[in-house]
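Trainee: One structure coming up, written as structure tokens, with questions to follow.
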């Protein structure tokens, strides 16, 4: 079945033409291709037509290109149907690794968002670090300077008993510490601030943690570099780290369920990161771009050279010839197919006109970054790979890149009717609030945030921790000043997996609502968003149902509210024999501030000012923190309406222009009870409010904010909002050393202590 | 001979447009852009210069530089060469082997050399700080270290600093004695550590020579422990200068707070400018006045 056609290094020809169905399946397994029988048959058909058998490097290349991770075969259909397609004029490009959106006359911002879940579950430090590395490259390859990182993380409960851990599973705290260290050591070293993110604990992530990484960059419009070759006869340069055996089959590994054997079988699929190669690689790439020497650039991510060369050539309507022996290697004896699909980190592929090659090579050598000429673009749309003159790969790029597409069956499961809601008033408010404040999903994340350099580049205007120095509280969004002008970018990361697991549709819509609330709270205009859609095994109709519901909700909110999704990522197979994760469509929202000095932070500023609630509170407790700490089942996930949200957001933003607002915070997990407490912790004084019942305290209804404003402006503000059809009411005043909710009250110091230690107590 | 050069060529007063600042980078330094920006805000020429531009023969003519092209050198923050060995060790070893002679002359002639965060670690590893010996401004061996923080973690936070220099430090002439300012810190290795058993001697000498520049304090201005002293530095020391006052190293980042809105509490407290800008202004004043 395997015939040796090249001795040193070894290349085999594989007898596909003579294989029956059982043998096709076996070939896919033996080579680790992770392709199913239908896909193998299509490949056999292709080679039957051209009248020869494929080589191992050709089959491996197809295994990469047709993986879920690379070709979105399960998601493409529904993404196109529901989510994508809304594209206002200020969106410059969404086709490459990152979305490019107009920032001002001269600049565009670039956003990318990806998952690095499976590698992080096996090797948390390396997995997370290389996740950061990959997302930086996605931004740099557009010609942009990265300016901020954001990373939502999801783990099993921190108090999980070690005896209860399923075989092959690592403890959530071990994973968390490793992931945070990986992000810290990589992000801090390359000098890009980590300014936003979230950490969420839920049982469903116990065997499959999620590590999502996002990056925002800035580029002068004339320097935007497409991920395609500029034409025939261009020189292909591979720059950056050497190619090794790390990260082989990373994408196929990402496109299958994890099990207890994943540890031993897949460690080689986790790449190794080297931030001190990345840092100069970024400088060198951007210097070459700045000097106008680069026609196209693409990072080497999933699928390695195999993916990058093919996609870049095809996008430029060309073919390419690659001389594989020119690639500089980490180790000897690597087989051509390994070199071709290796996902070794810190590598970038550039397409350069012949007259610019010397200059480009000089720049890389100045930065001590290896760069080699490895090929040339050709006229026909074929990709040919040679090893010392011997042709070992020769396929139509379109056949490889087009991949496959499925319209998978899905089933939306009804989770009881809303009449069955168990929610009731348990009284005992003081204790419930204390338990909420010390819940690890609510409690201060200072232990993590301070390990990330969130101020490098000196452009972080609203920091992730806000308030009195030494006593900071959580903010709603970070604000970055990416250029010399006063214009700013707000960044927030949001999703509520408790809500999405009760109801994927309304949970996803609520996550979108929260994202918008956070952007508005800091006084930025919601502008665009990116998504990282983490779900279970798409071959199971109920998982696919969760995905479809979620995508429907996001598409509806996006189009009706009027901000586009500009880039994203789908991560399926977040599932083990112990179950699937909660549906987790994490979102990163981007807002624009005309002047960063208009930003509003979340903590109270002055004693004696008015506290106003904007929005309407209903008894909506599905997926709420109240339901979790009281142990009741509630199915009514908060509803929202994009037009109503838009109306509120517009009214808030125009009120911010007309009134001097001291502080603003969105109402989310834990309801008004938690929102008010967080505003007080960062100010070092409390409040006196007049809340009347448990619904007002704890409901997590959408489209609500708390605003602090001068007492004398309060009535005008309320009138201003109601003239625009928005509800606003004064619920209290600031000051004192008590969190006085009206219906109950807590000592500020005691409550703050619970909140500050609720998460860090697990970490020491 | 060298004394003669000092007398003939030593730092002379300059016009602002004669001042040229070089912010020295290698792989892994990552605060050079904002450091350059801080100087440019004050209208002087500043550029990031790769260490290779000083010596390597692969560098094109237009890009090669000499130390003497600059009137001030800055070692910026970051993780030079990854800081895998010990923070600043590789950068300083490279700088020392290639530039020691020039650097010593540069310092002896009174030109200012600033090290921020990783740059402070570089200056300590280089032996330019604490810099007790006027005649040998770069010692053969390091005499102090910036050790791993007492918390064992990277710490990114805004720190209160008390300016305690009595006038020797050329980089802080624009701050009042005992003035309290806020600069952010962001490091994992910033604990000022002196040779075991000789800490007191070092401290006395530093105090006697007026080499202590900033100490960490709490929001009330008192010497305090963690988190106010973010790294556990000996005697709360945040920054020191050499005996002649023209080499200054500090862990906190003045270049990150040159505008009011870069402070964490900018919405709570009115400031006309960021607390850090005066470090850069002091340098220019020094070069202009001499």
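Chains as they are written, first to last, in my numbering: chain C, 1 to 764; chain R, 1001 to 1290.
In this text, a Cβ means the ideal position worked out from N, Cα and C, and glycines have one as well.
Taking 9 Å as the threshold (C-beta atoms), are residue 327(C) and residue 305(C) in contact?
Mentor: The answer is yes: Cβ separation under 9 Å.
Trainee: Are the CB atoms of residue 236(C) and residue 187(C) nearer to each other than 9 Å?
Mentor: No; because the gap between Cβ atoms is not below 9 Å, this pair is not in contact.
Trainee: Residues of chain C with CB closer than 7 Å to the CB of residue 1157(R), please, in chain order.
Mentor: The answer, in chain order, is 450.
Trainee: What residue from 343(C), 195(C) and 627(C) has the CA that sits closest to residue 455(C)'s CA?
Mentor: Among 343(C), 195(C) and 627(C), the Cα nearest to that of residue 455(C) belongs to 195(C).
Trainee: Cutting at 6 Å between CB atoms, please list the residues of its own chain near residue 393(C), excluding the five before and the five after it.
Mentor: Once the five neighbours on either side are set aside, the close Cβ partners of residue 393(C) are 57, 58 and 385.
Trainee: Whose C-alpha, out of 1139(R), 1233(R) and 1254(R), is nearest the C-alpha of residue 1175(R)?
Mentor: Residue 1175(R) has its Cα closest to that of 1254(R), out of 1139(R), 1233(R) and 1254(R).
Trainee: Rounded to a whole number of angstroms, what is the C-alpha to C-alpha distance between residue 121(C) and residue 1181(R)?
Mentor: Between residue 121(C) and residue 1181(R), the C-alpha separation is close to 43 Å.
Trainee: Within the chosen definition, does the segment 145 to 154 of chain C reach the segment 191 to 210 of chain C through at least 3 CB pairs nearer than 8 Å?
Mentor: Touching, yes.
Trainee: Between residue 482(C) and chain R, is there a C-beta pair that is closer than 9 Å?
Mentor: Judged by the 9 Å Cβ criterion, residue 482(C) is not in contact with chain R.
Trainee: Taking Cβ-Cβ distances shorter than 9 Å, what residues in chain C pair up with residue 1058(R)?
Mentor: 362, 365 and 366, listed in chain order.
Trainee: Using the C-alpha atoms, what's the distance from residue 329(C) back to residue 1003(R)?
Mentor: For residue 1003(R), the predicted structure reports a pLDDT of 41, less than 50, and the residue's modelled location is therefore unreliable. A value from the coordinates is still provided. Distance between the alpha carbons of residue 1003(R) and residue 329(C): 53 Å.
Trainee: When we look at the beta-carbon of residue 17(C) and count the other beta-carbons within 10 Å, is it buried (16 or more) or exposed?
Mentor: By the neighbour-count rule (16 or more Cβ atoms within 10 Å), residue 17(C) is not buried but exposed.
Trainee: Just reading off the beta strand (DSSP E) that residue 1248(R) is part of, what are its end residues?
Mentor: Here the beta strand (DSSP E) through residue 1248(R) covers 1247 to 1250.
Trainee: Let me confirm a value: residue 463(C) is counted as buried when at least 16 other C-beta atoms fall within 10 Å, else exposed. Which label applies?
Mentor: By the 10 Å Cβ count, residue 463(C) comes out buried.
Trainee: Can you tell me whether DSSP reads residue 285(C) as helix, strand or coil?
Mentor: Helix, per DSSP.
Trainee: Which same chain residues end up closer than 7 Å to residue 697(C) when comparing Cβ atoms and leaving out the 5 residues on each side of it in sequence?
Mentor: Within the same chain, residue 697(C) has close Cβ partners 429, 671, 672, 673, 691, 741 and 743.
Trainee: Figure out for me which residue from 1271(R), 1124(R) and 1279(R) has the closest Cα to the Cα of residue 1137(R).
Mentor: Looking at the Cα atoms, 1124(R) is the closest of the given residues.
Trainee: So, is the C-beta of residue 1283(R) closer than 9 Å to a C-beta in chain C?
Mentor: Chain C, which has no Cβ nearer than 9 Å to the Cβ of residue 1283(R), makes this no.
Trainee: Let me know the alpha helix (DSSP H) ranges lying completely inside the segment 90 to 148 of chain C, each 4 residues or longer, listed in chain order.
Mentor: Complete alpha helix (DSSP H) runs here, min 4: 117 to 122 and 124 to 140.
Trainee: Specify the secondary structure class of residue 192(C) as computed by DSSP and reduced to three states.
Mentor: Coil at residue 192(C), not helix or strand.
Trainee: Under 9 Å, Cβ to Cβ, is there at least one residue of chain R near residue 461(C)?
Mentor: Yes - at least one Cβ of chain R is within 9 Å of the one on residue 461(C).
Trainee: What residues match up with residue 590(C) in a beta bridge as DSSP calls it?
Mentor: 491(C) and 528(C).
Trainee: Residues in its own chain within less than 8 Å of residue 1005(R) by CB, not counting five upstream and five downstream?
Mentor: Legend: pLDDT at residue 1005(R) = 42, less than 50; position of this residue unreliable, no value from coordinates given.
Trainee: Going by the CB atoms, is the gap between residue 588(C) and residue 535(C) shorter than 9 Å?
Mentor: Against a cut-off of 9 Å, the Cβ pair of residue 588(C) and residue 535(C) comes out as no contact.
Trainee: Classify residue 502(C): buried if its beta carbon has 16 or more other beta carbons within 10 angstroms, exposed otherwise.
Mentor: Buried: at least 16 other Cβ atoms inside 10 Å.
Trainee: Under 9 Å, do residue 643(C) and residue 560(C) count as touching if we go by C-beta distance?
Mentor: Against a cut-off of 9 Å, the Cβ pair of residue 560(C) and residue 643(C) comes out as a contact.
Trainee: List, in order along the chain, the chain R residues whose C-beta lies closer than 8 Å to that of residue 601(C)?
Mentor: Near residue 601(C) (Cβ distances below 8 Å), the residues of chain R are 1267.
Trainee: Is the segment 651 to 659 of chain C in contact with the segment 536 to 549 of chain C, if contact means three or more CB pairs nearer than 8 Å?
Mentor: Not touching, per the Cβ criterion.
Trainee: If you measure beta-carbon to beta-carbon, which residues of the segment 583 to 613 of chain C are closer than 7 Å to chain R?
Mentor: Against chain R - using a Cβ distance shorter than 7 Å - the residues of the segment 583 to 613 of chain C are 596, 597, 601 and 605.
Trainee: Considering only DSSP beta bridges, list what residue 2(C) is partnered with.
Mentor: Partner(s): 14(C).
Trainee: Three or more beta-carbon pairs under 8 Å between the segment 364 to 378 of chain C and the segment 233 to 247 of chain C, yes or no?
Mentor: The segment 364 to 378 of chain C is in contact with the segment 233 to 247 of chain C.
Trainee: Assuming residue 223(C) and residue 309(C) are in contact, meaning their beta carbons sit under 8 Å apart, how far apart are those beta carbons, in whole angstroms?
Mentor: That belief does not hold up - the Cβ atoms of residue 223(C) and residue 309(C) are roughly 23 Å apart, past 8 Å.
Trainee: List the residues that DSSP assigns as beta-bridge partners of residue 88(C).
Mentor: Residue 88(C) is not bridged to any residue.
Trainee: Can you check whether the C-beta of residue 1257(R) is within less than 9 Å of a C-beta belonging to chain C?
Mentor: Answer yes: the Cβ-Cβ gap between residue 1257(R) and chain C drops below 9 Å somewhere.
Trainee: Between which two residues does the alpha helix (DSSP H) carrying residue 516(C) extend?
Mentor: Looking at the DSSP string, the run of the alpha helix (DSSP H) that includes residue 516(C) is 504 to 521.
Trainee: Of all the CB atoms in chain R, is at least one closer than 9 Å to the CB of residue 148(C)?
Mentor: Closer than 9 Å: no.
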